[in-house]
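Number of protein chains: 2
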Amino acid sequence: MNVEFVNPFLSSLVNVLGTMANTKIVPGQPRLKKDEVARGDVSGLIGMVGNETKGSFSITFEESLALEIMFRMLGEKPSKINEEVTDMVGEITNMVTGGAKRILGEKGYEFSMATPVVVSGKEHTITHKCDGPKILMPFTSDFGKVHIEVSFDNMGG
Amino acid sequence: MNVEFVNPFLSSLVNVLGTMANTKIVPGQPRLKKDEVARGDVSGLIGMVGNETKGSFSITFEESLALEIMFRMLGEKPSKINEEVTDMVGEITNMVTGGAKRILGEKGYEFSMATPVVVSGKEHTITHKCDGPKILMPFTSDFGKVHIEVSFDNMGG
């Protein structure tokens with residue numbers, strides 16, 4: 001897997017949060033995830049299946065940022081992560097993956113998306129169990145951190 | 001979704017833990033997950049995509065049970081959830097879903113599996129974001145609880 005498969009997720013996330021939540025996030029350096037463990041408080045995960053590959057995508061928010069996005073998208077700010085917030089994180093997961101799927105489809109890489117699953121819990125960690133490389137992309141914002149991880153078997157070698 | 005789609009996951013889990021880890025688990029009552037939230041310490045998740053449906057499967061262990069299964073499968077018992085344990089949970093997730101996939105395939109319901117993702121974090125919760133019903137199945141054992149959740153869009157009405 002090379003950066004060609006990761007950039008669509010990066011640009012799709014920046015686009016979704018910018019347009020839907022008027023929230024600017026600043027990408028850090030994408031890196032191969034080896035021993036590194038990134039923690040967050042609420043995550044959306046989705047499986048992806050293509051004819052020649054399969055993989056997984058996750059997006060992990062710090063609570064402060066998830067609540068601010070909730071406020072900006074829906075005008076209400078719960079005091080902690082509740083079902084409305086996990087619904088929103090599931091929707092963002094769908095939108096980001098859908099955006100990346102369109103961009104990758106234009107390049108000839110097709111896959112189908114499973115349904116999203118949302119994890120809630122203080123400082124949990126996510127590990128993608130995949131034979132291919134796992135790429136971690138961190139982002140910062142005025143309200144906290146978010147990171148995404150993408151992993152594909154056999155995609156682009 | 002009816003029980004015909006859930007039983008294969010139940011029997012596959014009982015079989016995998018019985019044969020691979022010599023661990024007996026006792027199924028509780030399967031139920032529709034509505035407001036109910038089940039917590040655990042380490043979870044495996046996997047996306048599923050078929051021609052006519054998509055969905056997700058998760059398995060969530062209490063730490064004590066995950067560590068005991070680790071001991072029984074691999075002869076070592078770490079003091080807490082580490083990368084070996086998350087690898088094992090990823091493998092169990094693959095095996096259980098693979099077993100259910102074979103049984104459902106024999107009934108004419110085909111799907112492909114994405115790659116598994118493992119979540120680690122004290123008392124996290126999992127929510128399947130799917131239009132279809134979400135079915136929760138709890139199990140008890142001498143070493144702690146495990147539960148599985150299955151959700152499919154549009155499968156079997």
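Just so you know, the protein sequences line up as chains A and B, in that order. Residues in the first sequence are numbered from 1 upward in steps of one, following full-length UniProt numbering. Residues in the second sequence are numbered from 1 upward in steps of one, following full-length UniProt numbering. Cβ atoms here follow ideal geometry from the backbone N, Cα and C, with glycine treated the same way.
Considering only their Cβ atoms, is the gap separating residue j from residue i smaller than 7 Å?
i              : j              : result
G132 (chain A) : G90 (chain A)  : no
G121 (chain B) : H128 (chain A) : no
F61 (chain B)  : V6 (chain B)   : no
V53 (chain B)  : F152 (chain B) : The sequence given here has Thr at residue 53 (chain B), not Val. Yes; because the gap between Cβ atoms is below 7 Å, this pair is in contact.
T23 (chain A)  : I92 (chain A)  : no
P8 (chain B)   : I103 (chain B) : yes
T115 (chain A) : G55 (chain B)  : yes
F111 (chain A) : G47 (chain A)  : no
Using a Cβ cut-off of 7 Å, pull out every chain D residue sitting near residue i, in sequence order please.
i              : result
V118 (chain A) : In the displayed structure, chain D is absent; the protein chains listed are A and B.
Helix or strand or just coil, what does DSSP make of residue i?
i              : result
D41 (chain B)  : strand
P138 (chain B) : strand
S11 (chain A)  : helix
S79 (chain A)  : coil
G18 (chain A)  : helix
G121 (chain B) : strand
T60 (chain A)  : strand
G50 (chain A)  : coil
D153 (chain B) : strand
I148 (chain B) : strand
V96 (chain B)  : helix
G105 (chain A) : helix
F5 (chain B)   : helix
T127 (chain A) : strand
G90 (chain B)  : helix
Between residue i and residue j, what straight-line distance do the alpha-carbon atoms span, to the nearest angstrom?
i              : j              : result
A38 (chain B)  : I148 (chain B) : 10 Å
T86 (chain A)  : P78 (chain A)  : 12 Å
G144 (chain A) : L67 (chain A)  : 10 Å
I126 (chain B) : V117 (chain A) : 7 Å
S141 (chain A) : L74 (chain B)  : 43 Å
S12 (chain A)  : V96 (chain B)  : 33 Å
G157 (chain A) : E4 (chain A)   : With a pLDDT of 43 at G157 (chain A), under the threshold of 50, the modelled position of that residue is not reliable, and no figure is offered here.
K33 (chain A)  : C130 (chain A) : 12 Å
M113 (chain B) : Q29 (chain B)  : 26 Å
K80 (chain B)  : G108 (chain A) : 43 Å
F71 (chain B)  : L65 (chain B)  : 10 Å
N94 (chain A)  : A21 (chain A)  : 15 Å
T84 (chain A)  : R31 (chain A)  : It should be pointed out that residue 84 (chain A) corresponds to Glu in this sequence rather than to Thr. Looking at the two C-alpha atoms, the distance is approximately 32 Å.
N154 (chain A) : M88 (chain A)  : 31 Å
I59 (chain B)  : E36 (chain B)  : 16 Å
Given that residue i touches chain A, what residues does it touch there, using C-beta distances under 8 Å?
i              : result
V146 (chain B) : What V146 (chain B) touches in chain A: nothing, since even the nearest Cβ is about 17 Å away.
G55 (chain B)  : A114 and T115
T86 (chain B)  : T127 and K129
G90 (chain B)  : T127 and K129
Thinking residue i and residue j are a contact (beta carbons under 8 Å), I'd like their distance in whole angstroms, please.
i              : j              : result
N15 (chain B)  : G99 (chain B)  : 6 Å
L17 (chain A)  : M137 (chain A) : That pair is no contact at about 13 Å.
D41 (chain B)  : E76 (chain B)  : Wrong, their Cβ atoms sit about 18 Å apart, outside the cutoff.
V119 (chain B) : V119 (chain A) : 5 Å
Who are the neighbours of residue i on chain A, taking C-beta pairs under 9 Å?
i              : result
M48 (chain B)  : G47, V49, A114 and T115
K134 (chain B) : Those do not exist, as K134 (chain B) stays about 10 Å from chain A at its closest Cβ, beyond 9 Å.
S151 (chain B) : T115 and V117
If the cut is a Cβ gap below 7 Å, which residues of chain A does residue i touch?
i              : result
E123 (chain B) : G121
S58 (chain B)  : V117
By the criterion of Cβ-Cβ separation under 8 Å, what are the contact partners of residue i in chain B?
i             : result
S79 (chain A) : The contacting residues do not exist; S79 (chain A) stays about 17 Å from chain B at best.
S12 (chain A) : Those within 8 Å of S12 (chain A) in chain B number zero; the least Cβ separation is about 18 Å.
Mind listing the chain B neighbours of residue i? Cutoff is C-beta to C-beta under 7 Å, in chain order.
i             : result
S64 (chain A) : Correct list: empty, because the minimum Cβ distance to chain B is about 17 Å.
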